[in-house]
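A short write-up of the structure that comes next.
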Amino acid sequence: MEAPALQQFATAPKAPGKTGVLLVNLGTPDSPSVSDVRKYLREFLMDGRVIDIPFIPRFLLVNGIIAPFRAPKSAKTYKEVWTENGSPLKYYGEVNERQLQQALGHAYVVRLAMRYQSPSIDAGLSEFQRLGLTDIIVIPLFPQYASATTGSVYEKVMDVLKTWQVIPQVRFVNRFLEHPKFIEGFVQLGRKYMADYEYDHFLFSYHGLPERQIRKGDITKSVCQLGECCGSLRADNQHCYRAQCFETTRRLVRELGIPEGKYTTCFQSRLGRDPWIQPYTEDTIRKLAKDGIKSVLAFSPAFVADCLETTIEVGEEYKELFEELGGQHWQLVESLNDSPLWVETLVDLVKTA
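Each step along the sequence shown adds one to the number in our numbering, with nothing skipped, and position 134 is 251.
The structure is reproduced here in structure tokens:
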């Protein structure tokens, strides 16, 4: 027979309440003005998980060199990607917030936040606190885990919550590259272009990271070789961003029916002189052109919403480079943005968090 206390615990009804869902993307300037871009760059690059060097040299580098000199150039680029709805990254995030709220219903409170700039993580969590929510799910909108993205979101959320007298139950989504609907979302977009054109090669370009950050993530100090160790995703390398990117490509290639030798996984957006994870996207494009490849379908599966890194870097800058080297047809596959499959993915992530 159950002890009375245990019996009471087992049959006690759960207190009614709503669950807070915080969708968190990287961030975007409030406007494409130089001052707003500089403000964004300073907050973004002063994150010790993004530029992982000691505070004083990081402060001098960001505030004395990068932000002052890079802001005017970046502002011009942001003006190119800006739309009548503002930043695409923020716009699609707001659309996803509304879509997910509608799909989940009144038992949930869905809010969008940005790791840097607005709407802030602090504001989203403060609203959950004001509403008295004791169950929170945090979904960083990065398919693959990296310390500089998902890890930074975790850290910021915990920094905010540690000041609360009552800390709620919090669950984090670590990654979702394996989710079938996430994969199918990109597959459907890719098939749309493959039906209209026969491409010579398929490029899967992911945001890059310094090699040192990948090695730091190998707590065994024996697995990471930044090479063959990424040939599969296993228990001993499952937290490696590079290995997760290669796994994402394998899953997409399998569903798209792309044969071996006709696709490449590569990494973009290098910053500074230190080596970043390879192969570099620019070097890959040069090799493809040298090998006589004339048409490329390019995917950016590290991003769920179109932004500067997809629309401008992959969609325009890499296209110009490819055509300058003799390429004839370059097509970017857009991000998931507000597609129904992406919303279904988010619903599943909430339900199974």
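All C-beta atoms, glycine included, are put in the ideal place defined by N, C-alpha and C. These numbers were taken from a predicted model, which means no experiment stands behind them.
From the DSSP output, in three-state form, read off residue i for me.
i: I375; result: coil
i: A230; result: strand
i: D252; result: strand
i: L438; result: helix
i: L453; result: coil
i: Q261; result: coil
i: Q445; result: coil
i: K135; result: coil
i: T462; result: helix
i: T266; result: helix
i: D423; result: coil
i: T469; result: coil
Check the C-beta distance from residue i over to residue j and give it rounded, since I have them as a contact under 8 Å.
i: D169; j: Q330; result: 6 Å
i: V460; j: N213; result: 7 Å
i: L425; j: T194; result: 6 Å
i: V413; j: H296; result: Not confirmed; about 26 Å, so no contact.
If you check the beta carbons only, do residue i and residue j fall under 7 Å apart?
i: R288; j: I254; result: yes
i: L158; j: G302; result: no
i: S264; j: R403; result: no
i: E201; j: L229; result: no
i: V450; j: G325; result: no
i: Y380; j: V370; result: yes
i: L139; j: G241; result: yes
i: Q333; j: L458; result: Per the sequence shown, residue 333 should be read as Lys rather than Gln. Contact: no.
i: L250; j: G137; result: yes
i: V270; j: V141; result: yes
i: L217; j: L463; result: yes
i: L466; j: I256; result: yes
When you compare only the Cα positions, how much space is there between residue i and residue j?
i: R387; j: T398; result: 10 Å
i: E244; j: V421; result: 25 Å
i: F293; j: A352; result: 16 Å
i: I429; j: Q355; result: 31 Å
i: A415; j: S322; result: 7 Å
i: Q219; j: K411; result: 44 Å
i: L320; j: T382; result: 6 Å
i: K135; j: I173; result: 43 Å
i: V198; j: Q282; result: 42 Å
i: I183; j: Q234; result: 18 Å
i: W447; j: K309; result: 15 Å
i: L258; j: D239; result: 17 Å
Fill in: Contiguous alpha helix (DSSP H) assignments of at least 4 residues, all confined to the region 278 to 364
297 to 311, 328 to 333
Quiz prompt | Ranges of the alpha helix (DSSP H) found wholly within the region 137 to 167, counting only runs of at least 4 | solution = 151 to 162
Exercise. Taking the runs of the alpha helix (DSSP H) that are 4 residues or longer, which of them lie wholly in the region 365 to 421?
Worked result: 398 to 407
Practice prompt. Quick one: which unbroken beta strand (DSSP E) runs of 3-plus residues sit fully inside the region 163 to 237? Chain order, please.
Written response: 225 to 233
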